[in-house]
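*Asks:* Every number in my numbering is 70 more than the matching position in the sequence shown, counting from 1. A virtual CB, placed ideally from N, CA and C, is assigned to each residue, including glycine. Source: prediction; values computed, not measured.
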Amino acid sequence: MKTLCDRQELQDAFAVVSGIPPLKSTKPILQNVLMRAADDGVTFFATDNEMSARSALSSVKVSEPGVILLPAKEAAALLRELGDKTVAIQAKDGRCRIECGGGAFDLLSPDASEFPTEPSFTPEVEVEVAAKVFQAMQRMTSFAVAREETRYAINGLLLDFVDGCLRMVGTDGRRLALAYANLPSNAQRARAVVPLRALQTLAKAVPGDNDETLRIGFGKNQMRFTVGSIQLISQLLENRFPEYEQVIPKAAESTIEIDRVELERNLRRVAILASDDVRMVRFKFSGNELEMTAESSNVGKARQTMTVDMKGKGGSIAFNPDFLIDALKVCELDVVRMDMTDGSIPAKFTLGESYCYVLMPISGT
71 MKTLCDRQEL QDAFAVVSGI PPLKSTKPIL QNVLMRAADD GVTFFATDNE
121 MSARSALSSV KVSEPGVILL PAKEAAALLR ELGDKTVAIQ AKDGRCRIEC
171 GGGAFDLLSP DASEFPTEPS FTPEVEVEVA AKVFQAMQRM TSFAVAREET
221 RYAINGLLLD FVDGCLRMVG TDGRRLALAY ANLPSNAQRA RAVVPLRALQ
271 TLAKAVPGDN DETLRIGFGK NQMRFTVGSI QLISQLLENR FPEYEQVIPK
321 AAESTIEIDR VELERNLRRV AILASDDVRM VRFKFSGNEL EMTAESSNVG
371 KARQTMTVDM KGKGGSIAFN PDFLIDALKV CELDVVRMDM TDGSIPAKFT
421 LGESYCYVLM PISGT
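Quick look at the structure:
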């Protein structure tokens with residue numbers, strides 16, 4: 071195999087797949103990336119047997135087609151450090167030579183015939199969405215995903231396509247983030263819980279300002295994401311996802327509109343004095359005033375008031391301040407809408423035109 075590649079395109083294409091191989095594995099061959107050079111260009115493929123990714127570059131001159139394995143960690147680090155415009159890659163006798171800017175680097179290469187083949191995938195349902203819209207949805211929901219294993223599949227994001235609307239839901243049982251996008255599709259309903267790592271890998275590979283279309287293929291046990299020359303296939307989580315629609319409050323006794331910047335600034339200050347044992351800030355609404363209080367027996371207490379626009383009777387409710395701050399970080403609006411009934415029922419926050427957040431209160435305090 072012998073190729074001459076544009077350095078930047080080579081770096082970008084390799085970076086898409088280089089995060090897939092495990093750093094440690096009982097199958098060391100999975101720690102490599104398969105490079106395939108053909109007359110129509112170069113492709114890279116990597117897998118950990120649960121997730122796989124493929125990328126391609128066309129700005130390449132292939133003088134000798136061939137296949138070789140590159141050690142993912144070392145090759146990625148090396149390519150990031152190269153400076154010249156073009157990179158020559160040649161494979162021969164179990165070694166891969168990378169030449170650039172007067173430097174020559176020889177990497178040992180295992181037998182490529184032992185590497186797993188690319189998975190076959192036929193979607194049962196396929197929908198299309200703007201890549202930048204999907205990435206925004208992922209950013210607005212992924213922070214709410216549970217990091218621990220549970221009997222429910224809440225350590226991944228639910229993708230639920232129904233009635234021409236794609237919904238993305240993340241929850242850890244104490245909060246729930248929902249983003250949605252209306253799509254010009256009449257495909258049948260499809261839903262799947264995707265591991266968070268797969269969507270984080272996709273986010274790194276596809277910039278948030280990407281104007282291309284993302285194709286999402288729903289399968290029985292897998293899901294495929296395709297944008298441009300990038301393809302990612304992931305196994306799905308098998309456990310049942312909670313019935314999220316039942317969690318979202320349908321009505322409220324009070325509706326409050328709050329300046330987002332002022333709310334986040336004030337909440338951060340008050341949260342400093344919230345106890346580490348029970349992270350809690352109490353919100354008390356009366357008239358058009360919000361009073362936030364927190365107390366720690368070892369440190370002291372805090373009180374902060376601010377003006378709000380309220381309709382309804384108001385009341386008192388307590389939250390973990392960190393959970394609300396997480397949501398405010400990704401809020402799209404200048405004014406946050408909060409719907410609440412009392413201190414024992416979850417509150418709903420409208421944080422964007424297509425984004426809502428449900429937060430469980432801290433009760434019994």
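#1: I need the boundaries of the beta strand (DSSP E) containing residue 394, first residue and last residue.
#2: Who are the Cβ neighbours of residue 359 in its own chain at under 8 Å, not counting the five residues just before and after it?
#3: Would you identify the three-state DSSP class for residue 311, choosing helix, strand or coil?
#4: Please report how far the alpha carbon of residue 323 lies from the alpha carbon of residue 118, in whole angstroms.
#5: Go ahead and label residue 234 buried or exposed: buried means 16 or more other beta carbons lie within 10 angstroms of its beta carbon, across all protein chains shown.
#6: Return the CA-CA distance between residue 100 and residue 156, expressed in angstroms with no decimal places.
#7: Under a three-way DSSP split, which group does residue 144 fall into?
#8: Can you list the beta strand (DSSP E) stretches of 3 or more residues lying completely in the region 218 to 277, in chain order?
#9: According to DSSP, is residue 437 part of a helix, a strand, or is it coil?
#10: Consult DSSP for residue 336 and reduce its assignment to one of helix, strand or coil.
#11: Taking only the alpha-carbon atoms, compute the straight-line gap between residue 218 and residue 109 and give it to the nearest angstrom.
#12: Report all residues from its chain with a CB closer than 7 Å to the CB of residue 268; omit the five preceding and five following residues, and keep chain order.
#13: Can you confirm whether the region 82 to 91 touches the region 164 to 181 when touching is taken to mean that 3 or more C-beta pairs between the two stretches lie within less than 8 Å?
#14: Within the continuous alpha helix (DSSP H) that includes residue 80, where are the two ends?
#15: Using 10 angstroms around the beta-carbon of residue 189, count the other beta-carbons present and answer buried if the total reaches 16, otherwise exposed.
#16: Residue 141 and residue 71: beta carbons closer than 8 Å?
#17: Quick one: complete alpha helix (DSSP H) runs, 4+ long, within the region 325 to 376?
#18: Please report how far the alpha carbon of residue 292 lies from the alpha carbon of residue 306, in whole angstroms.
#19: Quick check on DSSP: helix, strand or coil for residue 191?
#20: Can you give me the C-alpha to C-alpha distance between residue 201 and residue 185, rounded to a whole angstrom?
#21: Hey, quick one: how far does the beta strand (DSSP E) through residue 295 stretch, first residue to last?
#22: Pick out whichever of 257, 315, 89, 361 has its Cα sitting closest to the Cα of residue 336.
#23: To the nearest angstrom, report how far apart residue 352 and residue 386 are at their CA atoms.
#24: What number of angstroms, rounded off, separates the C-alpha of residue 417 from the C-alpha of residue 346?
#25: Residue range of the beta strand (DSSP E) that residue 303 falls in?
#26: When you compare the CB of residue 259 with every CB in chain D, is at least one pair closer than 8 Å?
#27: Could you give the residue range of the beta strand (DSSP E) that holds residue 121?
#28: Pull up the distance between the alpha-carbon of residue 254 and that of residue 342, whole angstroms please.
#29: Using a 10 Å radius around the Cβ and a threshold of 16 neighbouring Cβ atoms, would you call residue 384 buried or exposed?
#30: Check whether the Cβ atoms of residue 125 and residue 111 lie closer than 8 Å to each other.
#31: Please name the residue, chosen from 294, 197, 222, that lies closest to residue 256 on a Cα-to-Cα basis.
#32: I'd like the list of long-range same chain contacts for residue 191, defined as Cβ closer than 8 Å, with 5 residues on each side in sequence excluded.
#33: Using the Cα positions of residue 421 and residue 429, report the straight-line distance between them to the nearest angstrom.
#34: Measure from the alpha carbon of residue 440 to the alpha carbon of each residue in 259, 89, 113, then state which is nearest.
#35: If you follow the beta strand (DSSP E) that residue 104 is part of, which residue opens it and which one closes it?
*Replies:* The structure says:
#1: By one-based count along the sequence shown, residue 394 stands at place 324. Note, residue 394: premise wrong, no beta strand (DSSP E); alpha helix (DSSP H) at 391 to 399.
#2: Along the sequence shown, one-based indexing puts residue 359 at 289. 375, 376, 377, 378.
#3: On the sequence shown, residue 311 is found 241 positions in, with the first residue counted as 1. Of the three classes helix, strand and coil, the one that applies to residue 311 here is coil, per DSSP.
#4: By one-based count along the sequence shown, residue 323 stands at place 253. By one-based count along the sequence shown, residue 118 stands at place 48. Counting only the Cα atoms, residue 118 lies some 50 Å from residue 323.
#5: Locating residue 234 in the sequence shown gives position 164, where the first residue counts as 1. It counts as exposed.
#6: Within the sequence shown, numbered from 1, the residue matching residue 100 stands at position 30. Within the sequence shown, numbered from 1, the residue matching residue 156 stands at position 86. Distance from the CA atom of residue 100 to the CA atom of residue 156, rounded to whole angstroms, is 28 Å.
#7: Numbered from its first residue, the sequence shown carries residue 144 at position 74. The answer is helix: DSSP assigns residue 144 an H, G or I state.
#8: The region 218 to 277 contains these whole beta strand (DSSP E) runs: 226 to 232, 235 to 241, 245 to 252, 260 to 265.
#9: Examination of residue 437 is not possible in this model, given that the chain is present from 71 through 435 alone.
#10: Start at 1 with the first residue of the sequence shown, and residue 336 comes out as number 266. Helix, per DSSP.
#11: For the purposes of this step, residue 218 is identified with residue 148 of the sequence shown, where counting begins at 1. For the purposes of this step, residue 109 is identified with residue 39 of the sequence shown, where counting begins at 1. For residue 218 and residue 109, the distance between alpha carbons rounds to 46 Å.
#12: Here residue 268 refers to the residue found at position 198 when the sequence shown is read from its first residue. Excluding residues within five positions, the ones whose Cβ falls inside 7 Å are 121, 302, 304.
#13: With a cut-off of 8 Å, the region 82 to 91 and the region 164 to 181 do not count as touching, because too few Cβ pairs lie within range.
#14: Along the sequence shown, read from residue 1 onward, the residue named residue 80 stands at position 10. Secondary structure note for residue 80: its alpha helix (DSSP H) is the uninterrupted segment 77 to 88.
#15: Against the sequence shown, residue 189 aligns to sequence position 119. Per the 10 Å Cβ criterion, exposed.
#16: As a first step, residue 141 must be located in the sequence shown, where it is residue number 71. As a first step, residue 71 must be located in the sequence shown, where it is residue number 1. Going by beta carbons, residue 141 and residue 71 fall outside the 8 Å limit.
#17: Taken in chain order, the unbroken stretches of alpha helix (DSSP H) that lie wholly in the region 325 to 376 and span 4 residues or more are 330 to 341.
#18: In the sequence shown, the residue the question calls residue 292 occupies position 222. In the sequence shown, the residue the question calls residue 306 occupies position 236. A straight-line Cα-Cα distance of about 5 Å links residue 292 and residue 306.
#19: As a first step, residue 191 must be located in the sequence shown, where it is residue number 121. Residue state, collapsed to three classes: coil.
#20: Residue mapping note: residue 201 aligns to position 131 of the sequence shown, counting from 1. Residue mapping note: residue 185 aligns to position 115 of the sequence shown, counting from 1. Straight-line Cα distance between these residues: approximately 31 Å.
#21: Position 225 of the sequence shown holds residue 295. Looking at the DSSP string, the run of the beta strand (DSSP E) that includes residue 295 is 292 to 297.
#22: Within the sequence shown, the letter at position 266 stands for residue 336. Distances from the alpha-carbon of residue 336 to those of 257, 315, 89, 361 put 361 closest.
#23: Along the sequence shown, read from residue 1 onward, the residue named residue 352 stands at position 282. Along the sequence shown, read from residue 1 onward, the residue named residue 386 stands at position 316. Our two residues, residue 352 and residue 386, have alpha carbons roughly 7 Å apart in a direct line.
#24: Within the sequence shown, residue 417 is the residue found at index 347, counting from 1. Within the sequence shown, residue 346 is the residue found at index 276, counting from 1. Their Cα atoms are separated by approximately 23 Å.
#25: By 1-based counting over the sequence shown, the position of residue 303 is 233. Its beta strand (DSSP E) spans residues 300 to 305.
#26: The structure shown contains no chain D; it holds only a single protein chain.
#27: Against the sequence shown, residue 121 aligns to sequence position 51. 121 to 127 is the span of the beta strand (DSSP E), which, as asked, contains residue 121.
#28: The residue given as residue 254 occupies position 184 in the sequence shown. The residue given as residue 342 occupies position 272 in the sequence shown. If you draw a straight line from the Cα of residue 254 to the Cα of residue 342, it comes to about 46 Å.
#29: Locating residue 384 in the sequence shown gives position 314, counting from the first residue. Around the CB of residue 384, 16 or more other CB atoms lie within 10 Å, so the residue is classed as buried.
#30: To locate residue 125, count along the sequence shown from 1; it is residue 55. To locate residue 111, count along the sequence shown from 1; it is residue 41. Against a cut-off of 8 Å, the Cβ pair of residue 111 and residue 125 comes out as no contact.
#31: Along the sequence shown, one-based indexing puts residue 256 at 186. Nearest of 294, 197, 222 to residue 256, Cα basis: 197.
#32: Against the sequence shown, residue 191 aligns to sequence position 121. Cβ neighbours of residue 191 beyond the five flanking positions: 287, 289, 292, 294, 303.
#33: On the sequence shown, position 351 is the one that residue 421 refers to. On the sequence shown, position 359 is the one that residue 429 refers to. Rounded to the nearest angstrom, the gap between the Cα atoms of residue 421 and residue 429 is 12 Å.
#34: With the chain covering only 71 through 435, there is no way to say anything about residue 440.
#35: The count along the sequence shown starts at 1 and reaches residue 104 at position 34. First-last of the beta strand (DSSP E) with residue 104: 102 to 108.
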